[in-house]
Amino acid sequence: MKDDTVKLNLQAVAPATERPISVAIVAMGGQGGGVLTGWIVSLAESQGWVAQSTSVPGVAQRTGATIYYVEMMPPDEAGRQPILAQMPTPGDVDVVMASEYMEAGRSILRGIVTPERTTLIASSHRSLAISEKMAPGDSIADSAAVTDAVGVAALREIIFDMNAIAVENGSVISAALFGSLAASGALPFEREAYYAVIREGGKGVEASIRTFDAAHARASSGPARQEEPAAVPAKPPLPERLAAPRANHLLQRLRSELPPEAHEMAFLGLKKVVDFQDTDYGEEYLDLLARLHAHDRSAGGEAKGWLFTEQAAKYVANAMTYDDLMRVASLKTRLKRRQRIEQELGVSDKHVLQTTEFMHPRMEEFVSALPVGLARWIIARKALYRWLDRRINKGRRVKTYSLHWFLMLYFVGSMKRIRRLTLRHLEETTHRDEWLENAKMLLQTNYELGVEVLRFRRLIKGYSDTHVRGLSKFDKVMRTTLRIAEREDAAQWARLLLASAVKDHAQDGLDGTIKTIETIA
Amino acid sequence: MAERSFAKEVEDLRLGEGDIFRGEGILAITKGLLQAGVSYVGGYQGSPISHLMDVLADANDILEELGVTFQSSASEATAAAMLSASVMYPLRGAVAWKSTVGTNVASDALANLASGGVTGGAMVIIGEDYGEGSSIMQERTHAFAMKSQMWLLDPRPEHECIVNLIEKGYELSEASNTPVMLAVRVRSCHMTGSFVCKDNKRPEFTLKDALNSPKRDLDRIVLPPAAYEHEQEKIKHRMPAAINFIRDNKLNEFFGEKTGKTGIITQGGMYNSLIRALQFLGLSDAYGNTKIPIYVMNVGYPTINSEVEEFCDGLDAVLIVEEGQPEYIEQSISTALSRVSAPTKIRGKAYLPMGGDYTAAVLSDGIGRFLRDFDPVQLGNRPPVPESQPILADPVIQKLKGVVPSRPPGLCTGCPERPIFAAMKLVEEELGQHHVSADIGCHLFSILPPFNIGATTMGYGLGAASAAAFNVKADKRSIAIMGDGGFWHNGLTSGIGNAVFNKHDGVFLIVDNYYSSATGGQDVLSSRAFNKRRNTNNTIVDAVKGIGAKWVRQIDHTYDVTQMRAVLKEALTTEAEGPKIIVASSECMLNKQRRVKPQISKAIKGGKRTVTARFGVDEDVCTGDHACIRLSGCPSLSVKDLGDPLRDDPVASIDNTCVACGNCGEVADAAVLCPSFYQADIVHNPSFWDKLKSSLTMPVIRFLQNRQHRLAASFEA
């Protein structure tokens, strides 16, 4: 330090109390950040400390990201009032509490979590932002990036799913955060003082204290960081044999005809197609896979870990289980479905459960569920078609568990017996065959491209307009791919096309990618 | 009823002499008003002073005991005009609003009030909504104080100081016959703290006294020649009187000792951040003991030149800490000093940013540079300044930047406005994009994802007015949106009346959710609830018809997306002339839940037959396209990964915060999306008939379900 410094006689009361303890609470509006802030202030005041909280509710209280800030200091012997700040200063915050994992990430980006002094107490659960939810496909932000950042930015960390603990104990996340704060020891107050504050609040005291205790225990005993959930659940080994003879036959076929690399996927696919139709359909599935596997072999797939066969097992199963009237009706009447709802909603014998479906079948769906001849006959008669359309194409509120509607759904579901005769089945198989022909053809010249073409199937999903849009995206992607199939880097372009088609519900992005490709083709 | 109840907190307003008050700033201000003996209070809600209005509404009993009249004003203009009660009578009055937006609305009345002057103390509590968390344009109220010559109080963020300035502010107003503004920033309104109370004061002269013996004086009315006389009064009498009062009562404060060559002049509201910044620089302790002198302007306007001259005397340079722009105070002080040829250099925006929050970090940086240039020895005591730059530069944190999604505010779970915008989205798909004028209120969230509807917003209640120019024949009509709050604030006349009068051809959509929801659920004229102190249940449809609208459609259930879409389409395509007005009504879900939830849990506990509902998604039926979310954005509708290797995309999922508003099902139906959604109704304490019906149907259903299960091929080992 320089010699010409003025030594100002600004004595700190004591080194530790020279500056207030600062606590920032980052939350989403409506998450109860205000309650937690109130508790922390009361806690400090109950111990004779001077505390001050501030917040900026405004529009953020409607689900937006917001921040609360508390400063506290022990009382001054001379009775002087400290001057406390109204907002956190980056690099100068002792405790940051985040009620959601991406909000924890945001607090790091604000610079209020620093390795010199900040204890970060955060819930690892996610509440998805609108941008993550609304995008077609998978746009969920990568929590691992937050975890990495926490490791670098925080002095200490207490991170686990506090929302789950709160829900388990019938309370809200504020209580879990408060318990974790007590366990962190960041504030020099006894546990009893925390209880007193919760009790004073008066509302849901028992549940709050239960949650507080559970979080306290988890924060003090648990690992500092929640163990990462294994990215891929351990693969269950394929059963040796099955009890039902027909199912067992299918399983043995699968085991003998397909390479082990594709077994898991093919077994899942097999169950899906049999569930969709019957065991014969399962045989059909395995026939298709066996043929595709032969092509895989001649294209040198062994060296590639039979990727083509494995991906075929996935996408052929999806293609074979298209969403028609029978499938939807059948899924709605399942025993398991009712059990799942009862469990989710905690329905017991004391309650009566009813569900209402929001169905809007159009003439297109109806007619395609008829046998091919009849369907074409109707389609050819415009007036009849329109007349029927007026009767069928409307929203229906279907009370699933009323006798009338259940029988109706059950009947429609059981019509799967004629599924193989329907127009929809014909259309689906034609489309499927064309797609697989293209995949097989391209596989021979460019293995990766063949695999990509299989993956195009991901684009076809949904019902009615969404389904139509999916088909048109598939066509565009397929056409463009065929045009550039000769290029060495065709697989990369195909991957890019698929990615932009998945992301893009209005197709602007896809058209842009296609234009780019046209300039190089 | 407002979103937040202060029923418990308002009891603190009864505290007497010597008691300690603890609580939020806004409550302290209310207590300050009662201690100052106000006769009447009015105002218009809006962050950050919504809670002031809510506190007053909840404190009605206490106000009545004290003989204080409280009104929820129709608008800020109404509130400002209300202060005219203090023109002729010795009545103390206070009004409150969000600023600068509220001051904009009120400025006509304020200018008239300030011209004629007041006899009783008149005070405007200004919620200065500037900086982080603000929801409005970034401007300063300071300009209004200067142009109409009203005194602007800007107290240090400390309850004691604020409450004291309320009392002194009234005395100042009366001593100088001028209305006073008391500005409190967002964080000060929501700041907790304490102060020593005084007894509440009953007004000596009451509104009743005024009505019983009315007075008038032509000289107080803004009409020439009195108006010219008012200007002279302002210059010759009111300003000098105010300056004397402020100086004599030491409203501005001097801290620290003159040891060096520099000093700091700060707005009162910036004081706490300034002290923290000085702490970072080693120039202050935690209690505000500084070795650098500070002049705190608790009065932002007018500048007390003699105090400034005194403070600057002997200093080489002084830094002005003044948040926002233009730098009125810096200009005023520079002018004052240059007129007396004082040698002190005045610096402000040269070291501190022109706009944006003056955080402790911003201030310590600016002050550090100022001292380095003018008084570097002062910096010798500096501890390490906290900083986040090194950690923010870390590549891991840099990577995080691209990951954390923005989280804009949005419509609440179950909001009745969601289906309106979903319907607009569907109409847009059919008839193309239209020009949409938006307004202020919850419905403004439509401009954000997922709806992305709305081109402009021109101010509260001005949604309809801002479509005024588009009154020409074209292929597509304009659409204007306005909430019920904005409608009653001024939209009825400025928007609908204007459209009727000018035979506007556009579509006007009024969102009626029974409350002024965005500001915290206060009642408005068309609220459906019974309010014993207010007149409610006056319909918007009657109002628009009353001023001549012909094509009016009322929708009583906004969740009916199919109907909503049909009416919108009709409005956009009808041959009818004049404005096409749609009133879309359903209760604000936030308020409804607050009202209904306790009733339901009480009914269930009491053994009454009660039906609760929630929506769900059949995972096997959902294909993961997320089209439903692009027409919703509901917080309870999210996506989840099923962990099924056969599926690439997460599927839609509804969590237990769902309130079964019906939007998901309606949208799925209207947009013909998919049959994944279901509504689950649970009958609690079922009646005899419920049980009978269930006992007749369920065995059949179970039989069929078991048969289906049996027939399916089993893959069990």
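These protein sequences, in sequence, are chains A and B. Here the first sequence is numbered in my numbering, starting from 443 and rising by one per residue. Here the second sequence is numbered in my numbering, starting from 1463 and rising by one per residue. Using N, Cα and C, we set each Cβ at its ideal position, and we do this for glycine too.
Residue i - DSSP class collapsed to helix/strand/coil
i         : result
A/Ala761  : helix
B/Arg1996 : coil
B/Arg2015 : strand
A/Met883  : helix
B/Met1653 : coil
A/Phe916  : helix
A/Glu928  : coil
B/Lys2070 : coil
A/Leu812  : coil
B/Asp1474 : helix
B/Gln2167 : helix
A/Ser565  : strand
A/Glu786  : helix
B/Val2079 : strand
B/Arg1602 : coil
A/Met805  : helix
B/Lys1660 : coil
B/Glu1486 : strand
B/Gln1787 : coil
B/Gln1860 : helix
B/Leu2104 : coil
Reference residue i; option with closest CA among the options
i         : options                                    : result
B/Leu1553 : B/Glu1479, B/Pro1676, B/Ala1605, B/Leu1888 : B/Pro1676
A/Asp729  : A/Ala624, A/Arg695, A/Gly912, A/His947     : A/Arg695
A/Ala755  : A/Ala732, A/Asp953, A/Leu787               : A/Ala732
B/Asp2103 : A/Arg874, A/Glu610, A/Leu570               : A/Leu570
B/Ala1556 : B/Lys1753, B/Leu1669, B/Ala1542, B/Lys1712 : B/Ala1542
B/Thr2035 : B/Tyr2021, B/Val2058, B/Leu1893            : B/Leu1893
B/Leu1910 : B/Ala2038, B/Gly1718, B/Leu1873            : B/Leu1873
B/Ser1534 : B/Gln1984, B/Gly2078, B/Ile1958            : B/Gln1984
B/Met1608 : B/Thr1765, B/Ser1735, B/Ile1737            : B/Thr1765
A/Glu744  : A/Glu703, A/Lys915, A/Leu773, A/Ala771     : A/Glu703
B/Gln1976 : B/Ala1490, B/Cys2084, B/Ala2046            : With the sequence shown as reference, residue 1976 of chain B is identified as Tyr, and Gln is not the correct amino acid for it. When each option's Cα is compared against that of B/Tyr1976, the closest is B/Ala2046.
B/Met2026 : B/Asn1952, B/Leu1518, B/Leu1971            : B/Leu1971
B/Thr1951 : B/Val1500, B/Ala1469, B/Val1472, B/Tyr1506 : Strictly speaking, residue 1951 of chain B in this sequence is His, with Thr absent from that position. Closest option to B/His1951, Cα to Cα, is B/Tyr1506.
Residues bridged to residue i (per DSSP)
i         : result
A/Asp717  : Looking at the DSSP assignment, A/Asp717 forms no beta bridge with any residue, so it has no partner.
B/Glu1590 : B/Ser1561, B/Arg1647
B/Leu1615 : B/Leu1644, B/Val1761
B/Asp1974 : B/Ser2047
A/Gln796  : B/Asp2143
A/Val512  : A/Val465, A/Ser495
B/Ala1942 : B/Ser1899, B/Phe1970
B/Leu2099 : B/Ile2116
B/Gln1729 : B/Met1759
B/Tyr1502 : B/Thr1531, B/Gly1555
Chain-ordered residues of the segment 890 to 913 of chain A with a beta carbon less than 7 angstroms from chain B: Arg900, Lys903, Gly904, Tyr905, Ser906, Asp907, Thr908
Which residues of the segment 790 to 809 of chain A have a Cβ closer than 9 angstroms to any Cβ of chain B? Give them in chain order. Lys792, His793, Val794, Leu795, Gln796, Thr797, Thr798, Glu799, Phe800, Met801, His802, Pro803, Arg804
For the segment 846 to 867 of chain A, which residues have a beta carbon sitting closer than 7 angstroms to at least one beta carbon of chain B? Phe848, Tyr852
Taking contact to mean 3 or more Cβ pairs, one atom from each stretch, closer than 8 angstroms, check whether the segment 1960 to 1979 of chain B and the segment 2060 to 2067 of chain B are in contact. no
Counting pairs of Cβ atoms below 8 angstroms between the segment 1680 to 1687 of chain B and the segment 1569 to 1579 of chain B, do you hit three or more? yes
For the segment 512 to 534 of chain A, enumerate the residues whose C-beta is nearer than 8 angstroms to any C-beta of chain B, in chain order. Met515, Asp518, Arg522, Gln523, Pro524, Ile525, Leu526, Ala527, Gln528, Met529, Thr531, Pro532, Gly533, Asp534
Residues from the segment 570 to 585 of chain A in contact with chain B, defined by Cβ distance under 8 angstroms: Leu570, Ala571, Ile572, Ser573, Glu574, Lys575, Met576, Ala577, Pro578, Gly579, Asp580, Ile582, Ala583, Asp584
Specify whether the segment 810 to 824 of chain A and the segment 2132 to 2140 of chain B touch according to this definition: at least 3 beta carbon pairs, one from each stretch, less than 8 angstroms apart. no
Along the segment 2022 to 2042 of chain B, where does the CB come closer than 7 angstroms to a CB of chain A? Name the residues. Thr2024
Are at least three pairs of beta-carbons, each pair with one atom in the segment 1701 to 1715 of chain B and one in the segment 1631 to 1641 of chain B, less than 8 angstroms apart? yes
Does the contact criterion of 3 or more C-beta pairs under 8 angstroms hold for the segment 1702 to 1718 of chain B versus the segment 1733 to 1753 of chain B? yes
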